[in-house]
Amino acid sequence: MTDLKKMEVWFLTGSQHLYGEETLKKVDQHAATIARALNDSSSIPVSITFKPVVKTPEEILKACSEANNSPNCIGIISWMHTFSPAKMWINGLKILQKPMLHLHTQFNRDLPWNEIDMDFINLNPSAHGDREFGFILNRLRINRKVVAGHWEDKQVIAQISDWTRAAAGWHDWQGAKFVRFGDNMRQVAVTEGDKIEAEYKFGYSVNTHGVGDLVQSVNAVTENEIDGLTDIYQQQYQVTDVLKKGNARHASLRDAARIELGLQHFLEQGNFKGFTDTFEDLHGLKQLPGIAAQRLMNAGYGFAGEGDWKTAALVRAMKTMATGLSGGNSFMEDYTYHFNPDNELVLGAHMLEICPTIAATRPRIEVHPLGIGGKADPARLVFDGASGPAINASLIDMGSRFRLIINEVDAVKVDKAMPKLPVARVLWKAQPSLRVAAETWILAGGAHHTGFSLALTAEQMIDWAESNGIEYLLINKDTTSLQFRNELRWSDAAWKLK
């Protein structure tokens, strides 16, 4: 899994030489104190690294260039302690390639009413220094997150924390590789997309390997490796008796373990962060990878079925962003509805591949027939999903741009047995209602494949979308169909102007 503490957000403070060396020393001390406090906060998952105060165009350009070139720097927090004339920032901002959070704060929380004088005001003019900086960011059309408030305030820290997770998700995609085994499911539209534009926009590459390449890795797995993994299966999951050693279908479990190990070796050797497969292209594999995809997602890999590389990459980003948070993240599919007006529900599932990080119960390993694919009955983890606030997110290619659609949902306890549905499954109530959520999702072109999260929030996903410079649309408790249709028109017009 990703170690977010190895990632750095640089704390960059602006000032100028107008105020004299004594004032600049205090500015530097104050900035270092804030950066140290943020770095020490248990709420912020990454490292906050103080950088010396920048006071000239040359220093600003140098700092932005160094941020670009630092492999550990995932973004910068900017703060204008004093008035920092914004023309000084133009050349630095022109080259900056990392996400930015603009923190509008000041060192002191309260005004010293009895002592306040012009020296104090000249030292603490963030109220207009940050406005000057905000203008140049707008003038240069630079995406950024703005957080206003005192740096010790819990809400401010929480917003900074959310943004750092989004920046981590952005960073993890830079230079990432995703592999497709075979093509996407034939005749499906939404899983298609422009891989060149994605690499240009997001920083990750997507390339295809024939299933034969994977089969070669699977066939190289040793019996001792399979013995070790089936022992892990016994320890971590409930294994149905028929699959246990010496029983009738133990060979099916070993076949699944061989596929998982072969997949893992292939991904590790190729330095891939995620993968897709499709049931229409399984030549040489005994089973469609079921438990393999589930456990590899559990380990942090991105995955999506039917060649859906955009969702596989999205799941990886969401897993990176959620590192250390309770809950979980998974590839998901809106499968079918419960239209009872007193209890409208969505049943989310897939043929096999739902990540056990979202499980409410200890998963069971079972083997059942799969009506498509023409292969042996695959092993899979079967469980009920956990309950709680959640989101569904879909990343689609609109041709002229990428669009992220987010629906806030409320996952609920699965209180029906569903004995004839031997797959992992989740139930949720869509906000604001199933009718409005479904209407607006379809109006926006949202896919049937999503990244589902019990760990992340809509605001974190919005921060991530803005870090990537893409369009986003939110469906939540306040959404109405009329308002959303207007939002679609406005958004379409805005992006066409870009």
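Throughout, the numbering used here is defined as the position within the sequence shown, counted from one, plus 142. We treat Cβ as the ideally placed atom computed from N, Cα and C, and that holds for glycine.
State the DSSP-derived secondary structure class of residue i, mapped to helix, strand or coil.
i: Cys215; result: strand
i: Glu99; result: Since the first residue shown for the chain is 143 and the last is 640, residue 99 is missing from the structure and cannot be characterised.
i: Gly317; result: coil
i: Ala434; result: helix
i: Gly416; result: strand
i: Phe525; result: coil
i: Gly447; result: strand
i: Ile258; result: coil
i: Met327; result: coil
i: Gly470; result: coil
i: Met603; result: helix
i: Met242; result: strand
i: Trp570; result: strand
i: Glu167; result: Residue 167 is actually Lys in this sequence, not Glu. Looking at Lys167 - three-state DSSP - the assignment turns out to be helix.
i: Val348; result: strand
i: Ala544; result: With the sequence shown as reference, residue 544 is identified as Phe, and Ala is not the correct amino acid for it. Phe544 falls in the strand class under three-state DSSP.
i: Arg322; result: strand
i: Ile278; result: helix
i: Asp295; result: coil
i: Val360; result: helix
i: Gly588; result: coil
i: Ala209; result: helix
i: Leu424; result: coil
i: Phe249; result: coil
i: Phe626; result: helix
i: Ile685; result: Outside the displayed range of the chain (143 to 640) lies residue 685, so it cannot be described from this structure.
i: Phe408; result: helix
i: Arg391; result: coil
i: Glu367; result: helix
With burial defined as no fewer than 16 other Cβ atoms inside 10 Å of the residue's Cβ, what is the status of residue i: buried or exposed?
i: Leu253; result: exposed
i: Gly432; result: buried
i: Ala589; result: buried
i: Ala559; result: exposed
i: Thr462; result: buried
i: Ala459; result: buried
i: Asn266; result: buried
i: Val565; result: buried
i: Ile263; result: exposed
i: His244; result: buried
i: Ala390; result: exposed
i: Gln436; result: buried
i: Trp312; result: buried
i: Phe277; result: exposed
i: Ser359; result: buried
i: Thr306; result: buried
i: Phe525; result: buried
i: Val289; result: buried
i: Ile338; result: exposed
i: Lys148; result: exposed
i: Ile514; result: exposed
i: Leu639; result: exposed
i: Asp304; result: buried
Looking at the strands, I want to know which residues DSSP matches up with residue i.
i: Trp152; result: Thr191 and Ile218
i: Tyr479; result: Val488
i: Val196; result: Gly156
i: Ile533; result: Glu550 and Ser595
i: Ile708; result: No answer is possible for residue 708: the residues shown for the chain start at 143 and end at 640.
i: Ile617; result: Asn549
i: Lys287; result: Leu243
i: Asp539; result: Phe544
i: Ala501; result: Gly527
Below 8 angstroms on the Cβ atoms is my guess for residue i versus residue j; work out the distance and round it to an integer in Å.
i: Asn628; j: Trp583; result: That pair is no contact at about 16 angstroms.
i: Cys215; j: Trp152; result: 6 angstroms
i: Gln158; j: Thr224; result: 7 angstroms
i: Glu508; j: Thr382; result: 5 angstroms
i: Phe323; j: Trp451; result: At roughly 11 angstroms, the Cβ-Cβ gap does not stay under 8 angstroms, so Phe323 and Trp451 are not in contact.
i: Leu487; j: Trp570; result: 7 angstroms
i: Met222; j: Glu257; result: At roughly 23 angstroms, the Cβ-Cβ gap does not stay under 8 angstroms, so Met222 and Glu257 are not in contact.
i: Ala446; j: Ile401; result: About 17 angstroms separates the two Cβ atoms, so there is no contact after all.
i: Leu238; j: Asn210; result: 7 angstroms
Let me check you understand the geometry: is the CB of residue i closer than 6 angstroms to at least one non-hydrogen atom of the ligand SAH?
i: His313; result: This structure does not include the ligand SAH; it has no bound ligands of any sort.
Counting contacts by CB-CB distance shorter than 7 angstroms, is residue i in contact with chain C?
i: Asn250; result: Among the chains in the structure shown there is no chain C, since it carries only a single protein chain.
If you pair each beta-carbon of the region 294-301 with each one of the region 324-336, do three or more pairs fall below 8 angstroms?
-> They do not touch, by the three-pair rule.
Could you tell me whether the region 363-380 touches the region 334-344, using the rule of 3 or more Cβ pairs below 8 angstroms?
-> Counting C-beta pairs closer than 8 angstroms gives fewer than three between the region 363-380 and the region 334-344, which falls short of the contact rule.
The region 413-427 touching the region 541-555, judged by at least three CB pairs closer than 8 angstroms | Segment contact: the region 413-427 against the region 541-555, fewer than three CB-CB distances shorter than 8 angstroms; contact not assigned.
Contact between the region 521-540 and the region 412-422 (3+ Cβ pairs under 8 angstroms) | No, because fewer than three Cβ pairs between the region 521-540 and the region 412-422 fall closer than 8 angstroms, the two stretches do not touch.
Would you say the region 463-473 touches the region 404-415, given that touching needs at least three Cβ pairs under 8 angstroms?
-> Result no; under three Cβ-Cβ pairs closer than 8 angstroms.
Would you be able to state if there are at least three C-beta pairs under 8 angstroms between the region 490-498 and the region 341-355?
-> They do not touch, by the three-pair rule.
Could you tell me whether the region 603-622 touches the region 476-492, where touching means 3 or more Cβ pairs closer than 8 angstroms?
-> Counting Cβ pairs under 8 angstroms, fewer than three are found: no touch.
May I ask you to verify whether the region 201-221 touches the region 160-167, counting CB pairs closer than 8 angstroms and requiring at least 3?
-> Three or more Cβ pairs closer than 8 angstroms define a contact, and the region 201-221 falls short of that threshold against the region 160-167.
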